[in-house]
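Below is one structure; the comments refer to it alone.
Residue numbers (the working numbering): 8 to 110.
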């Protein structure tokens, strides 16, 4: 009996909630990929949203920045700007996450 219980307990490890992403501010990522990684997480971050004119390998991309902001919930901000401005203006993101005191 104990053997069966042990197997069931091991199987439960797969349902562990994924850890919130830590963002170092150095990489520019597609908004779709970032949104998928943030699903179910509240990540505080400073961020820059870049337009679809940004191309990988063409420098830092600061000339393509559409918006710079700070938020306690990056997924929520991204979703808002995608709805407001569309995927042409909100195509890539550079973000630096940080922790803040939870009340």
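The C-beta atom is built at its ideal place from N, Cα and C for all residues, glycine as well.
Check: Expressed to the nearest angstrom, what Euclidean distance is found between the alpha-carbon atoms of residue 86 and residue 65?
Finding: Using only the alpha carbons, I get a separation of about 26 Å.
Checklist line | Counterpart residues of residue 99 in DSSP-defined beta bridges | finding: DSSP lists 37, 57 as the beta-bridge partner residues of residue 99.
Next item on the list: Return yes when the Cβ of residue 94 is within less than 9 Å of the Cβ of residue 35, no when it is not.
Entry: Inclusion of residue 35 and residue 94 in the CB contact set at 9 Å is not warranted, their separation being larger than that value.
Notebook entry, point to check: With a CB to CB cut of under 6 Å and the five nearest residues on each side skipped, what residues in its chain are close to residue 107?
Noted result: For residue 107, where only same-chain residues beyond five positions count, the Cβ hits under 6 Å are 51.
Check: Quick one: what does DSSP say residue 94 is sitting in, helix, strand or coil?
Finding: The answer is coil: DSSP assigns residue 94 none of H, G, I, E or B.
Checklist line | Segment limits, beta strand (DSSP E) that includes residue 78 | finding: Start and end: 72-78.
Notebook entry, point to check: Would you report the Cα separation of residue 42 and residue 48, rounded to the nearest angstrom?
Noted result: Computed Cα separation, rounded: 10 Å.
Checklist line | Exposure of residue 67, with buried meaning 16 or more beta-carbon neighbours within 10 Å | finding: By the neighbour-count criterion, in which a residue is buried when 16 or more other Cβ atoms sit within 10 angstroms of its Cβ, residue 67 is exposed.
Margin query: So, at 6 Å on beta carbons, what are the nonlocal neighbours of residue 89 in its own chain, with the 5 sequence-adjacent residues on each side left out?
Written below: Excluding positions up to five away in sequence, the list reads 97.
Item checked: Selection from 44, 46, 45, 74 that minimises the alpha carbon distance to residue 57 -> Here the closest residue by C-alpha is 74.
Next item on the list: Give the C-beta separation of residue 30 and residue 103 to the nearest angstrom, bearing in mind that I take them to be a contact with Cβ-Cβ under 8 Å.
Entry: Confirmed, Cβ separation roughly 6 Å.
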